[in-house]
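**Q** Before I ask anything, let me first share the structure, which is written out below as structure tokens.
Okay, structure coming up:
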């Protein structure tokens, strides 16, 4: 059986040269090998955060970018993943690396339950409803004794040195970011992704050509939450202590959204670019300029992109003359 | 093929469609005319599953579809166009049609298969040269054509056309009528259309239903309908009739 080559749905994607795959593979290899250079632990945690935001933004984009349902509730699924993992570890003694996936399943189940109701709402009302979801789940976890309520939960540390600990989490999160990016890429090039795009464009018309919009939206929401839940599980273990105020922080949702819009949320490359640039810029600013002034830089960067590249950086780059010339050669 | 029995739809106190009976014969081109606000589009929305009838029954090939949702009805083989064109703005011509090919009755499993089928349909409606054009670069008649192509990509048995001729010039209307005949004769699709352009309806339809204030005024062959006193009254008002 001849395997059909996956085709891009959007026609304006330029031709992809073979060497670009080689470059990407080299970068991935170098990233995996980076800890061998024994860099300061600080760099590893910086990159860990970058990878985490890539993973979160790519997972968010399946719903927010492709289907156009802007959710501020992503932090809820992320935190549910973290808490599920913590509970499994503390009560049953299972390793978090094994329970991150069940953490994803619990997040997916919650997404399925709330999705049935939330996904009937469209546009700005959906955004507000998901914001409320994040606020309400935060309050629930603040007051729920089973999950430590306002005193949070501790993870048992890995029985290894702090350096090795950092390296393990670095590698795991890198792998997760790559896998989730591949999932997002697969969705974009699949029939499923095309259906989501049609829903984003016009949900009524989409239904008139036979797209089962409620089912597709729910599947996308569940997939998105599942992936975020896994990331949350690893994050919780990495932090070794989780508290509702940090894991349910609505700022995480906002950052994800900004990163996706910054990079461009129509393709899988956009969130990758947006998350990489914004999360590294944020950390670099904070470290080298100071937390107060870095906020100003961060805000300026966002404003520049929103004003000059309203469709995100990736669309801007694609349409720029320089790149067009370069691709044509 | 399609039958409606005492179909009712009310919006608040307004009865948009009341006790409407209709039947569409396979292979026939049926027209639905009536003044503005007479409930024509509401009836289409009821058939296509965008609204659900308050009472009454709609049957498609013997199957009760009264309570079916829009996507179920599309899957059964009823496709529609919209009165105000609604293309997927961010997709180009080919992509617009490919979406329907991938989710319609033929259910193309991959993007490349969907695009293959979409290209054939674009050839059929004469939009092949524009396949990679963004929507905002199309002129009005082309968008209408695209809307039709997208509905055809569902591979329906019955096609509902909501004012397919509105806003077109005389020659464009002529071409569109030819296209509708080809859809019926070459593709074997039954056509049910709403129309304001009287000439187009009289020229194309084998049967015409006239709707006024949600009720059926009359139905029959074009010439019978055109001379019906009630129809003249509804269109021109009492004093001129």
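Residue numbers (this note's numbering), protein chains in the order written: chain B, 926 to 1254; chain E, 12 to 252.
Even glycine gets a Cβ: it sits at the ideal position worked out from N, Cα and C.
Bear in mind the structure is a predicted one, so any value in this text is a computation, not a measurement.
Under 7 angstroms between the Cβ atoms of residue 104/E and residue 134/E?
**A** Mapped onto the second chain, residue 104/E falls at position 93. Mapped onto the second chain, residue 134/E falls at position 123. Not in contact: residue 104/E and residue 134/E (Cβ atoms no closer than 7 angstroms).
**Q** Under 8 angstroms Cβ to Cβ from residue 19/E, same chain only, skipping five residues before and after it: list those, please.
**A** Sequence index remark: in the second chain, residue 19/E carries index 8 (1-based). Excluding sequence neighbours, residue 19/E sits near 26, 28, 29, 30, 31, 64, 65, 66, 67.
**Q** Using a C-beta to C-beta distance shorter than 9 angstroms, which residues of chain B count as neighbours of residue 115/E?
**A** Within the second chain, residue 115/E is the residue found at index 104, counting from 1. Those are 1134, 1135, listed as they occur along chain B.
**Q** Helix, strand or coil for residue 195/E per DSSP?
**A** Here residue 195/E is taken as the residue at index 184 of the second chain, counted from 1. In the structure shown, residue 195/E sits in a helix (DSSP, three-state: H, G or I).
**Q** Is it the case that the stretch 68–79 of chain E contacts the stretch 115–122 of chain E, given that we only count it when at least three CB pairs across the two stretches are under 8 angstroms?
**A** Not touching, per the Cβ criterion.
**Q** By the 10 Å Cβ neighbour count, where 16 or more other Cβ atoms means buried, how is residue 1228/B classified, buried or exposed?
**A** For the purposes of this step, residue 1228/B is taken as residue 303 along the first chain, with counting starting at 1. Exposed, since its Cβ has fewer than 16 Cβ neighbours within 10 Å.
**Q** Please compile the residues from chain B whose C-beta is within a distance smaller than 8 angstroms of the C-beta of residue 94/E.
**A** Residue numbering aside, residue 94/E sits at position 83 when the second chain is read from its first letter. Within 8 angstroms Cβ-Cβ: nothing; residue 94/E doesn't reach chain B, min ~13 angstroms.
**Q** Let me make sure I understand the geometry here. Which of 1076/B, 1117/B, 1092/B, 1131/B has the alpha-carbon closest to that of residue 83/E?
**A** Within the second chain, numbered from 1, the residue matching residue 83/E stands at position 72. Minimum Cα distance to residue 83/E is reached at 1131/B.
**Q** Which residues share a DSSP beta bridge with residue 90/E?
**A** On the second chain, residue 90/E is found 79 positions in, with the first residue counted as 1. Answer by DSSP bridge pairing, in chain order: 170/E.
**Q** Going by C-alpha to C-alpha distance, which of 1164/B, 1063/B, 1032/B sits closest to residue 1082/B?
**A** As a working mapping, residue 1082/B is identified with position 157 in the first chain. Ranking 1164/B, 1063/B, 1032/B by Cα distance to residue 1082/B puts 1164/B first.
**Q** Going straight from the alpha carbon of residue 1162/B to that of residue 1019/B, what length do you get?
**A** Translated into positions along the first chain, residue 1162/B becomes position 237. Translated into positions along the first chain, residue 1019/B becomes position 94. Going by the C-alpha atoms only, they are around 12 angstroms apart.
**Q** Inspect the beta-carbon positions of residue 1284/B and residue 1125/B and report whether they are closer than 7 angstroms.
**A** Absent from the structure is residue 1284/B, since the part of chain B shown begins at 926 and ends at 1254.
**Q** So, at 7 angstroms on beta carbons, what are the nonlocal neighbours of residue 126/E in its own chain, with the 5 sequence-adjacent residues on each side left out?
**A** Stepping through the second chain from its first residue, residue 126/E is reached at position 115. Excluding positions up to five away in sequence, the list reads 105, 109.
**Q** If you draw a straight line from the alpha carbon of residue 149/E to that of residue 1050/B, how long is it in whole angstroms?
**A** Here residue 149/E refers to the residue found at position 138 of the second chain. Here residue 1050/B refers to the residue found at position 125 of the first chain. Distance between the alpha carbons of residue 149/E and residue 1050/B is about 33 angstroms.
**Q** Is DSSP giving residue 332/E helix, strand or coil here?
**A** Limits of chain E in this structure are 12 at one end and 252 at the other, which puts residue 332/E out of reach.
**Q** Which residues mark the beginning and the end of the beta strand (DSSP E) in which residue 966/B is found?
**A** By one-based count along the first chain, residue 966/B stands at place 41. Note, residue 966/B: premise wrong, no beta strand (DSSP E); alpha helix (DSSP H) at 966–986.
**Q** Go ahead and pull the three-state DSSP assignment for residue 1068/B.
**A** Counted from its first residue, the first chain places residue 1068/B at position 143. Of the three classes helix, strand and coil, the one that applies to residue 1068/B here is helix, per DSSP.
**Q** Should residue 984/B and residue 1105/B be called a contact, given that it needs their Cβ atoms to be closer than 7 angstroms?
**A** For the purposes of this step, residue 984/B is taken as residue 59 along the first chain, with counting starting at 1. For the purposes of this step, residue 1105/B is taken as residue 180 along the first chain, with counting starting at 1. A contact, by the Cβ cut-off of 7 angstroms.
**Q** Straight-line CA distance for residue 1218/B to residue 1188/B?
**A** As a working note, residue 1218/B is residue 293 in the first chain. As a working note, residue 1188/B is residue 263 in the first chain. Computed Cα separation, rounded: 23 angstroms.
**Q** Please name the residue or residues paired with residue 1079/B in a DSSP beta bridge.
**A** As a first step, residue 1079/B must be located in the first chain, where it is residue number 154. Beta-bridge pairing links residue 1079/B to 1166/B.
**Q** Could you give the DSSP three-state label for residue 1236/B: helix, strand or coil?
**A** The residue given as residue 1236/B occupies position 311 in the first chain. In the structure shown, residue 1236/B sits in coil (DSSP, three-state: anything other than H, G, I, E or B).
**Q** Would you kindly check if the distance between the Cβ of residue 213/E and the Cβ of residue 233/E is under 7 angstroms?
**A** Locating residue 233/E in the second chain gives position 222, where the first residue counts as 1. Locating residue 213/E in the second chain gives position 202, where the first residue counts as 1. In contact: residue 233/E and residue 213/E (Cβ atoms closer than 7 angstroms).
**Q** Starting from residue 219/E, trace the beta strand (DSSP E) both ways and give me its first and last residue.
**A** Locating residue 219/E in the second chain gives position 208, counting from the first residue. Unbroken beta strand (DSSP E) run through residue 219/E: 218–223.
**Q** Using the C-alpha atoms, what's the distance from residue 1182/B back to residue 89/E?
**A** Numbered from its first residue, the second chain carries residue 89/E at position 78. Numbered from its first residue, the first chain carries residue 1182/B at position 257. The straight-line gap from Cα to Cα measures roughly 39 angstroms.
**Q** Quick check on residue 34/E: does DSSP put it in helix, strand or coil?
**A** By 1-based counting over the second chain, the position of residue 34/E is 23. Three-state result, residue 34/E: strand.
**Q** Rounded to the nearest angstrom, what separates residue 193/E and residue 48/E at their Cα positions?
**A** On the second chain, residue 193/E is found 182 positions in, with the first residue counted as 1. On the second chain, residue 48/E is found 37 positions in, with the first residue counted as 1. Their backbone Cα atoms lie some 30 angstroms apart in a straight line.
**Q** Are the C-beta of residue 156/E and some C-beta of chain B separated by less than 7 angstroms?
**A** Within the second chain, residue 156/E is the residue found at index 145, counting from 1. Not closer than 7 angstroms to any Cβ of chain B, the Cβ of residue 156/E fails to qualify, so no.
**Q** Strictly by DSSP, which residues pair up with residue 69/E?
**A** Taking the second chain and counting its residues from 1, the one referred to as residue 69/E is at position 58. Paired residue(s): 15/E.
**Q** Where does residue 1058/B sit, in a helix, a strand or coil, going by DSSP?
**A** As a working mapping, residue 1058/B is identified with position 133 in the first chain. In the structure shown, residue 1058/B sits in a helix (DSSP, three-state: H, G or I).
**Q** Under the three-state reduction of DSSP, which class applies to residue 41/E: helix, strand or coil?
**A** In the second chain, counting from the first residue as 1, residue 41/E sits at position 30. The answer is strand: DSSP assigns residue 41/E an E or B state.
**Q** State yes or no: is the beta carbon of residue 1116/B nearer than 7 angstroms to at least one beta carbon in chain E?
**A** Taking the first residue of the first chain as position 1, residue 1116/B is located at position 191. Yes, contact with chain E.
**Q** Going by DSSP in three states, residue 144/E sits in which element: helix, strand or coil?
**A** Counting from 1 along the second chain, the entry for residue 144/E is found at position 133. Correct three-state label for residue 144/E: coil.
**Q** Quick check on residue 160/E: does DSSP put it in helix, strand or coil?
**A** Residue 160/E sits at position 149 when you count from the first residue of the second chain. Here residue 160/E sits in helix by DSSP.
**Q** So residue 1119/B contacts chain E; which residues on that side make the cut at Cβ distance below 7 angstroms?
**A** Here residue 1119/B corresponds to residue number 194 of the first chain, with the count starting at 1. What residue 1119/B touches in chain E: 110, 113, 122.
**Q** Do residue 1044/B and residue 1156/B count as a contact pair if the criterion is CB distance below 7 angstroms?
**A** Counted from its first residue, the first chain places residue 1156/B at position 231. Counted from its first residue, the first chain places residue 1044/B at position 119. No. Outside cutoff.
**Q** Cα separation between residue 1139/B and residue 167/E?
**A** Here residue 1139/B corresponds to residue number 214 of the first chain, with the count starting at 1. Here residue 167/E corresponds to residue number 156 of the second chain, with the count starting at 1. Taking the straight line joining both Cα atoms gives about 22 angstroms.
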